[in-house]
Amino acid sequence: MTATDTTGTVTLAGVRVVELGTGSIAPIVGMLLADHGADVVRFGGPPVGALSPQEAFRHRSKRLVASPPTPEEAAVLLGAADLCVAGPGGGIDSERRDTILRENPRLVWLDLPLWDGPAPWGDVESHGLLAAWTGMAARQTSFSGDPVEPVYDLLFSSHAAWAAACAVACLVERERSGFGQRVTVSAAHGMLLPLIGVLSVDADIPDPSTAIGSFGRHPTYTVFECGDGRWLACGALGSKFERAILNVLGIESILDDPRLGGGTASYSAPDVFAWVRSEVAAAFRTRDCDDWVERISAAGIPCGPVGHRDDWLDRPQVAALGERVELAVPGLGTLTMPGTPNHLPSSAGAPVAAPRAVELGEVGWTPRPAPAVTGPAPLRPGPLAGIRILNTGSFVAGPYSGSLMAELGAEVVKLEPTGGDPFRQTGFMYSRGMRSIAIDLASAEGREILDDLAGTCDVVICSLRPGAERKLGLDHETLASRRPDIITTGISGFGEVGPQAGRPGVDMVLQAMSGMMRAQGGDDEPVVNTLAITDFNAAALTCLGAVLALYHRAQTGGGQHIWTSLADVATYTQGAGLVKLDGKPVSTLNGGRDYKGTGCADRYYRVADGWLRVAGRDRDALDPDELIAAGIDVDKELFARDRVAAVASALADLGAKEAADRLARAGLAAVPARRVTEVLRDPLLLASGRIEVRAGEEGTVFTAPGRYAAFGRTALSGHLVTPGAGQHTRALLAELYPAERIEELLRAGVVEAGAPMPQRLGAVYR
1 MTATDTTGTV TLAGVRVVEL GTGSIAPIVG MLLADHGADV VRFGGPPVGA
51 LSPQEAFRHR SKRLVASPPT PEEAAVLLGA ADLCVAGPGG GIDSERRDTI
101 LRENPRLVWL DLPLWDGPAP WGDVESHGLL AAWTGMAARQ TSFSGDPVEP
151 VYDLLFSSHA AWAAACAVAC LVERERSGFG QRVTVSAAHG MLLPLIGVLS
201 VDADIPDPST AIGSFGRHPT YTVFECGDGR WLACGALGSK FERAILNVLG
251 IESILDDPRL GGGTASYSAP DVFAWVRSEV AAAFRTRDCD DWVERISAAG
301 IPCGPVGHRD DWLDRPQVAA LGERVELAVP GLGTLTMPGT PNHLPSSAGA
351 PVAAPRAVEL GEVGWTPRPA PAVTGPAPLR PGPLAGIRIL NTGSFVAGPY
401 SGSLMAELGA EVVKLEPTGG DPFRQTGFMY SRGMRSIAID LASAEGREIL
451 DDLAGTCDVV ICSLRPGAER KLGLDHETLA SRRPDIITTG ISGFGEVGPQ
501 AGRPGVDMVL QAMSGMMRAQ GGDDEPVVNT LAITDFNAAA LTCLGAVLAL
551 YHRAQTGGGQ HIWTSLADVA TYTQGAGLVK LDGKPVSTLN GGRDYKGTGC
601 ADRYYRVADG WLRVAGRDRD ALDPDELIAA GIDVDKELFA RDRVAAVASA
651 LADLGAKEAA DRLARAGLAA VPARRVTEVL RDPLLLASGR IEVRAGEEGT
701 VFTAPGRYAA FGRTALSGHL VTPGAGQHTR ALLAELYPAE RIEELLRAGV
751 VEAGAPMPQR LGAVYR
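Numbering follows the UniProt record's numbering, in which position 601 of the sequence shown is assigned residue number 601; successive positions increment by one, without gaps.
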């Protein structure tokens, strides 16, 4: 990415953003907005000359005012702003915030609190504490079954992408209504997006054992050691690929075993999983990694070698995506960093620039003209109410992006084949909130219906296999010939440019190739993340790209084709962990088998009733005298030799609550590592609606995430329900054709009309 890359109208040109507060989320949100041309002015924090490489990455393209403004100065600046991104400790109380919103009714105010209400860990932002409190760490599979500390700030990356999408959605709505609004995306909201699978469970069953190793719960959608000692990620998920990989490996005869009964449906059964995994692993050890990559790829199954984080930005495909950015930062050096994960070719983002120091008086914003609106601000069911979206995806990222757009109030139509999306039961939670139409796209009549339906849509989301869009007439050129202002958005494995463009890819493979698994596993075996984090973040970033394009369309009247890829997303997700200074990696943090953290003050400790996650201001700084004074009787001699062992011994006989209280007296934050069943019974999460309890089939009860954000005057109400295949076929076709024509299409099997879907969770595959 260079200064010459930008073409056309910059998406957020002229949008003024004030960024306030501490922490990581607000700076990442601000970075995503600045990448697309917003004028982001950041207040507080180190001056430009004292930025760390990670801070310089997050503050790129921003103007930095080192001194926080007084409340009066902030009010003047915000009176001329379009958007305020307010992290914790922003310095503006709720009364003054409400006054600012009244005086500038076009202002969008994005609040990013640490939790709903006071955070259980105080005012410390810590991804480790959040992962412990939300159940993420306890749900990660491992050898011991104990909580695992994530090397990357995965929850933060999802939270920031989603919060940015919510903010831009409010700007889109403002183009119609003339009014801004307040929207809150707390960490309790943000955790719902990546933890949807973890938190969607039968409420009456215990937590599953996680002591199954670091390779996950699927015997062929995982990683394997090959004959040359290298590791390979295999993307064989779904019946088609699960059978195909057995053929490639030469062990298809295991399907004849009574435990499988000729199919792969019982893979998730614990005894079957362990047996199949061992058979497949033994087969992989018979050939070298490169040999297997060639053979498996020839069968059309996504796969790739497990890579190293430090090499990822140097790969030709990553550079072709614009994901390798070099930036000279005065006083620091040359940084190599990730680019922006969203590709908007006809409204390219602003060129990446080094952060620039300014004084408050140099900001130069003049007050906006008073809005030409009359009457009260309108109420709407979501900021995207009135927007129609066609979603063509299967598996995770595609459907989930549509569900997130529905969460923002859009009408989303899920396009399925006759017979239904084959992943719809396993991916039950990823299609919530959409309407469903089932069409036989192999027929000419089916493709004609699709063309007519797409012509009614503002956005079309495609996550089909490479080349399928053009065959079906879903490519941008074809759709734009009918509706010039249409927005098409693509989600692929490796992107639409570069030497690997069009190569199939899935979450498992991109996590592996980008180095995420190796970083988590350290010198031990690579770790398969329980979260399909590149899928989830791809959904959030697809949503962000779509609302950016909708905002651009509101300014210019033009549609465009936009896209992202799992390769882009894997780069974004690792974020500051990939930054290099003068060619040398800045982050050297790696995990290990059943990783518990780094340093004596930033890790998990076993206590009498479970595990406790401790976080200090400095991960290595503990004073034994302060600990003893707080009632934590560390052995000073042992502390001098091994701080971790000394603290572990002192905490081992204390309960989690008592240990956390004593650590707080020593200036350390701590929370218990909660199991998922504990998180689901958190009275505050239940009362706030973050966790919903649903009635399922046959008397079952399951839990599901509630609202992902709290919008001020465009709040969406009610449950998001997963539709049945073709449940809305008749209603959608009634907008296009007379009743007689619809009946003809149904009789001919060109379309199918289905019933509501039984509300039943699918099998866990990670």
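Here a beta-carbon is modelled for each residue, glycine too, at the ideal position from N, C-alpha and C.
Between the CA atoms of residue j and residue i - distance to the nearest angstrom
| i | j | result |
| --- | --- | --- |
| A710 | A74 | 24 Å |
| G754 | V527 | 41 Å |
| S346 | T9 | 7 Å |
| A468 | P194 | 28 Å |
| L663 | P672 | 12 Å |
| D642 | V676 | 32 Å |
| G331 | V358 | 16 Å |
| A38 | V17 | 7 Å |
| P367 | I691 | 42 Å |
| D5 | A13 | Note that D5 scores 33 on pLDDT, short of 50, meaning its location in the model is unreliable and no value can be drawn from it. |
| T571 | T134 | 24 Å |
| A81 | V29 | 16 Å |
| V108 | V168 | 9 Å |
| G216 | T210 | 9 Å |
| T7 | A348 | Residue placement at T7 is flagged as unreliable, the pLDDT there being 46, under the threshold of 50; the coordinate-derived value follows with that caveat. Their Cα atoms are separated by approximately 6 Å. |
| I92 | G333 | 35 Å |
| L745 | C457 | 21 Å |
Cut-off 8 Å between Cβ atoms - residues of its own chain near residue i, not counting five sequence neighbours on either side
| i | result |
| --- | --- |
| P723 | K414, S431, M434, R435, S436, P756, M757 |
| G610 | A656, P672, A673 |
| V293 | L232, C303, G304, P305 |
| L344 | T11, H36, G545, L548, A549, H552, Q560, I562 |
Beta-carbon proximity of residue i to residue j, cut-off 7 Å
| i | j | result |
| --- | --- | --- |
| M136 | V306 | no |
| T703 | V201 | yes |
| G117 | T22 | no |
| C289 | G235 | no |
| V607 | L654 | yes |
| L441 | L472 | yes |
| D524 | G592 | yes |
| G180 | H159 | no |
| V634 | A650 | yes |
| L581 | L510 | no |
Beta bridge counterpart(s) of residue i as assigned by DSSP
| i | result |
| --- | --- |
| residue 790 | The displayed coordinates of the chain run from 1 to 766. Any statement about residue 790 would go beyond what the structure contains. |
| L621 | First, the residue type needs correcting, since residue 621 is Ala and not Leu in the sequence shown. A621 is not bridged to any residue. |
| H343 | W563 |
| V506 | Answer by DSSP bridge pairing: none, since V506 is not bridged. |
| G333 | V329 |
| I437 | L415 |
| R606 | W611 |
| V85 | E19, L110 |
| R694 | F702 |
Other residues of its chain near residue i: CB distance less than 6 Å, five sequence neighbours each side excluded
| i | result |
| --- | --- |
| M1 | Any reading at M1 needs caution, since the residue's pLDDT is 34, under 50, leaving its predicted position unreliable; the model's value is listed next. Around M1: G322, V325, G339, V352. |
| E752 | T418, A438, G726 |
| A410 | L384, I387, I389 |
| M513 | G304, G307 |
| V172 | V547, L550, Y551 |
| D310 | P585 |
| T184 | D111, A710 |
Among the options, the one whose alpha carbon lies nearest that of residue i
| i | options | result |
| --- | --- | --- |
| S463 | S401, V412, L408, A444 | S401 |
| I205 | T264, L680, R277, A725 | L680 |
| G599 | A34, V607, L589, A608 | L589 |
| R465 | G505, R665, G216 | G505 |
| Q54 | Y605, P355, T426 | P355 |
| L622 | E448, L736, A669, P208 | A669 |
| A265 | R287, H218, L716 | H218 |
| P208 | D146, P150, R665 | D146 |
| P585 | S297, L313, V750 | L313 |
| R619 | R60, V124, L101 | V124 |
| E637 | G263, G631, A630, D625 | D625 |
Close Cβ partners of residue i (< 7 Å) along its chain, the five nearest in sequence each way excluded
| i | result |
| --- | --- |
| A501 | F494, G495 |
| L479 | A454, V460, I486, T488 |
| A3 | Confidence at A3 is low in this model, with a pLDDT of 28, below 50, so the placement of that residue should be treated as unreliable; the coordinate-derived value is given next. Taken in chain order, the residues that qualify are P351. |
| R424 | S431, A725 |
| F273 | R217, P219, Y267 |
Any non-hydrogen atom of the ligand ATP within 6 Å of residue i CB
| i | result |
| --- | --- |
| T700 | Ligands are entirely absent from the displayed structure, and the ligand ATP is therefore not among its contents. |
C-beta neighbour in chain B for residue i, strict 7 Å
| i | result |
| --- | --- |
| R730 | Looking at the structure shown, chain B is missing, and only one protein chain is on hand. |
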